[in-house]
Amino acid sequence: MFRKARTGLRLLPLGIALVAGTYATPLWSKDSPDCSAGEHAAKHVSQVSKERFSVEVSGAGPDVILIPGLGTPRAVWNETVATFGGCYRLHSVQLRGFGDAAGINASGPVLQPFVDELAEYIAMIGKSSGKAPMVVGHSMGGLAGLKLAKARPELVSRLMMIDALPNFAALIPGLGAAEASTIERTAAQMRSIIAARYGKEPNPAEIKASVEGMSLNPTFGGTMMQWSQSADQRVVAQIVYEDLVADMRPELPSVSSPVLVLAAWHSGMPFTEMQVQGFFQRQFAGLPSYDVKTVAGSAHFIMLDQPEKFNSELAEFLAKR
């Protein structure tokens with residue numbers, strides 16, 4: 362019933378939604394502390410280079426890890442950094458291959474090694490600050506955050522998952538309830554199709570088809586296509602495979618970190634906001650401590666489609682200790 366092609370949560374074989382934007386000023390100006398980064402954050406920017414990813418660190422305050430979705434560079438968090446950098450130290454992650462050279466990610470498993478290396482980085486942060494950071498992940502980044510919270514609960518104080526699931530195969534009609542072998546076979550086929558595009562001239566029609574519907578904000582259409590063209594298809598292919606074969610639902614009862622899930626919904630979907638809420642609730646039902654909130658008027662990239670709503674939810678999430 363929950364058709365992947367309309368939910369905004371898509372893992373398409375033609376490509377993955379990629380988006381980056383730059384913002385001069387924060388879009389959020391509700392009744393809240395002024396955490397705008399301004400010159401303060403600009404003076405506190407550093408770069409950290411790891412084998413699987415790089416990090417841009419800016420701002421000052423409690424640590425927050427920002428993990429983009431599949432194929433998305435760290436620039437998707439630009440407005441988040443501009444809005445919250447005055448109150449928090451933000452670690453904007455970028456997986457190699459999504460905005461720079463793929464390096465070691467060009468072959469073999471990617472997602473789990475990335476999570477393992479990210480855990481090492483966060484452990485280092487914890488030693489200097491004495492506190493576990495909060496983690497915010499979009500789509501694939503949300504799944505990475507969930508894996509991290511499961512494996513290393515002492516490293517994640519709280520987790521926000523933006524339009525992400527513990528079982529991405531549920532988004533493909535007929536696959537969610539299939540046996541593991543069927544899911545693996547389908548995921549392997551998708552990996553082969555995507556990886557075969559590496560080194561070939563991008564097809565604009567295919568790229569447009571792959572990113573359409575991922576954001577309701579027309580401003581980002583051209584940028585999404587540009588980033589889609591530059592994404593390393595070998596890395597995209599491997600993570601599509603790993604996303605689809607992962608099913609963390611049986612592991613959810615042992616995740617101790619509180620989790621907030623933001624689910625996208627808009628009137629163009631063939632189901633109601635209440636149905637979307639119910640779907641996500643069922644997916645995360647095994648968690649000991651969680652909340653699911655739908656964000657109306659948004660497709661997959663909630664932080665771009667509804668920045669004020671997103672920033673309000675994020676401000677509340679970050680303020681909790």
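Using the numbering used here, the letters of the sequence shown correspond one by one to residues 362 to 682.
Ideal placement from N, C-alpha and C gives every residue a C-beta, glycine not left out.
The DSSP assignment places complete alpha helix (DSSP H) segments of no fewer than 4 residues inside the region 552-613 at 565-572, 582-591 and 594-606, in order along the chain.
Going by beta carbons, Ala-660 and Gly-574 fall inside the 8 Å limit. Residue environment analysis places Ile-555 among the buried positions, since at least 16 neighbouring C-beta atoms fall within 10 angstroms of its C-beta. Around the beta carbon of Met-485, a 10 Å sphere encloses fewer than 16 other beta carbons of the protein chains shown; the residue is thus reported as exposed. In this model, Trp-438 and Glu-674 are separated by some 15 Å (Cα to Cα). Val-601 is not a Cβ neighbour of Met-521, given a cutoff of 8 Å.
Inclusion of Val-606 and Phe-645 in the CB contact set at 8 Å is not warranted, their separation being larger than that value. Sequence-distant partners of Cys-448 (beyond 5 residues in either direction) whose C-beta falls short of 6 Å from its own C-beta, in its chain, are Cys-396 and Gly-422. Sequence-distant Cβ neighbours of Phe-671 in its own chain, meaning closer than 6 Å and more than five residues away, are Ile-663 and Met-664. For Thr-444, there is no enclosing beta strand (DSSP E); the residue is part of the alpha helix (DSSP H) that begins and ends at 439-445. Scanning its chain for C-beta atoms nearer than 8 Å, with the 5 sequence neighbours on each side dropped, one finds around Pro-494 the residues Pro-423, Asp-424, Val-425, Ile-426, His-452, Ile-483, Ile-486, Gly-487, Leu-516, Val-517 and Ser-518, in chain order. Every beta strand (DSSP E) stretch that sits fully inside the region 462-535 and reaches 3 residues is listed by chain position as 495-499 and 519-523. According to the DSSP assignment, Ala-625 belongs to the beta strand (DSSP E) that extends over 620-626. Residue pairing for Gly-420: DSSP places it in a beta bridge opposite Arg-450. Taken atom to atom, the span from the alpha-carbon of Glu-412 to that of Ile-465 is near 7 Å. Classified as exposed, Asp-652 has fewer than 16 neighbouring CB atoms from the shown chains inside 10 Å of its CB. C-alpha of Gln-455 to C-alpha of Asp-524: approximately 19 Å in a straight line. Secondary structure at Asp-652: strand, using DSSP grouped into helix, strand and coil. Leu-479 has its alpha-carbon roughly 10 Å from the corresponding atom of Gln-473. Per DSSP, Gln-638 is one residue of the alpha helix (DSSP H) stretching across 634-644.
Residue pairing by DSSP places Ser-415 opposite Ser-410 and Gln-455 in a beta bridge. Note on Gln-594: 16 or more other CB atoms within 10 angstroms of its CB, so buried under the neighbour-count rule.
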